[in-house]
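For reference, the structure is listed below as structure tokens.
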Amino acid sequence: MQQIPDPFHAHGSVRRKLEAALKKVSSQAAQYEHQMKDLESQLAESLSNFRAIDSLLQEAFAGLRRNAQRADHALSKQVSHITEELDSSMDSLAQLAEDLPVIKSQVADIRYAYDSGRKKAQSLLSDLTWLNTEFYERWRLIIFTSSSPVSWRWKVLMRVFFAISFLVFVQIAWITVWGGYRAHRGGQIWGERLMS
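Numbered according to numbering that gives the first Met the number 0, the sequence shown spans residues 0 to 195.
Next up, the structure:
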């Protein structure tokens, strides 16, 4: 005789299966919900970091744009100013190039006048020194040296005069000595007294 399955018994087993499946699905749903919360917090953190990075990038881009505008402004302003200064400097250099020969000529004239004045001053000083020298010293320098500031004619004249005077003195001395010698040999009294 064939057994008829108990519908309540079969229903209990399905029910257990359903409960087990429900528990399993429920556990998986809780796990998925936990994973979704982790993913949501990670997304929120990443979004916050992205916003901070985007803000920093925008600030850097704005700073770069401001610096570029300043550089363009300075370049447009400074280049014209530098060009004007360069043109002015070139004009000044051209003027100096034209004036340089004149200045060189003036410097040469000033140097010539200075050298001429210095030579005249040295000549005057030498003349004053010569005039302040005593007569005997001047006479000695004229006769015995070539450094005296007189003409060669005057030197020749003074040397000839000295030579004549010297010869006359030597001759007078010779005559005196010779006369004294002759008087002594002749036995004159004054000669004996002179020799004694």
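From the three backbone atoms N, C-alpha and C, an ideal C-beta is built for every residue, glycine too.
Model, not experiment: these values are computed from the prediction.
I'd like the list of long-range same chain contacts for Ser-125, defined as Cβ closer than 8 Å, with 5 residues on each side in sequence excluded.
Reading the sequence shown from its first residue, position 126 is the one you call residue 125. Contacts found: Pro-148.
Within 10 Å of its beta-carbon, does Ile-174 have 16 or more other beta-carbons around it, so buried, or fewer, so exposed?
As a position in the sequence shown, residue 174 is number 175, starting the count at 1. Counting other Cβ atoms within 10 Å of its Cβ, Ile-174 stays below 16 and is therefore classed as exposed.
Short Cβ contact (7 Å threshold) for Ile-142 with Phe-168
Here residue 142 is taken as the residue at index 143 of the sequence shown, counted from 1. Here residue 168 is taken as the residue at index 169 of the sequence shown, counted from 1. By the CB criterion at 7 Å, Ile-142 and Phe-168 fall outside the cutoff.
If you draw a straight line from the C-alpha of Ser-145 to the C-alpha of Met-157, how long is it?
Position 146 of the sequence shown, counted from the start, is the residue given in the question as residue 145. Position 158 of the sequence shown, counted from the start, is the residue given in the question as residue 157. Ser-145 and Met-157: Cα-Cα distance of roughly 12 Å.
Between Leu-127 and Ser-115, what straight-line distance do the alpha-carbon atoms span, to the nearest angstrom?
Counting from one through the sequence shown, the residue named residue 127 turns up at place 128. Counting from one through the sequence shown, the residue named residue 115 turns up at place 116. Going by the C-alpha atoms only, they are around 18 Å apart.
For Gln-121 and Ser-87, the rounded distance between their alpha carbons
Looking up residue 87 in the sequence shown gives position 88. Looking up residue 121 in the sequence shown gives position 122. Rounded to the nearest angstrom, the two C-alpha atoms are 48 Å apart.
Kindly indicate which three-state DSSP category Ser-146 falls into: helix, strand or coil?
The count along the sequence shown starts at 1 and reaches residue 146 at position 147. Ser-146 sits in coil when the DSSP states are folded into three classes, being neither helix nor strand.
So, is Gly-11 buried or exposed, given that buried needs 16 or more other C-beta atoms within 10 angstroms?
Mapped onto the sequence shown, residue 11 falls at position 12. Burial state of Gly-11 is exposed, judged by a 10 Å Cβ sphere holding fewer than 16 other Cβ atoms.
How many Å lie between Ala-67 and Leu-56 at the Cα?
For the purposes of this step, residue 67 is identified with residue 68 of the sequence shown, where counting begins at 1. For the purposes of this step, residue 56 is identified with residue 57 of the sequence shown, where counting begins at 1. When only Cα atoms are considered, Ala-67 and Leu-56 end up about 16 Å apart.
What span of residues does the alpha helix (DSSP H) with Thr-175 cover, start to end?
Within the sequence shown, numbered from 1, the residue matching residue 175 stands at position 176. From DSSP, the alpha helix (DSSP H) with Thr-175 extends over 151-185.
Look at the alpha carbon of Ala-172 and the alpha carbon of Val-159, and state the distance between them as a whole number of angstroms.
Along the sequence shown, one-based indexing puts residue 172 at 173. Along the sequence shown, one-based indexing puts residue 159 at 160. Using only the alpha carbons, I get a separation of about 20 Å.
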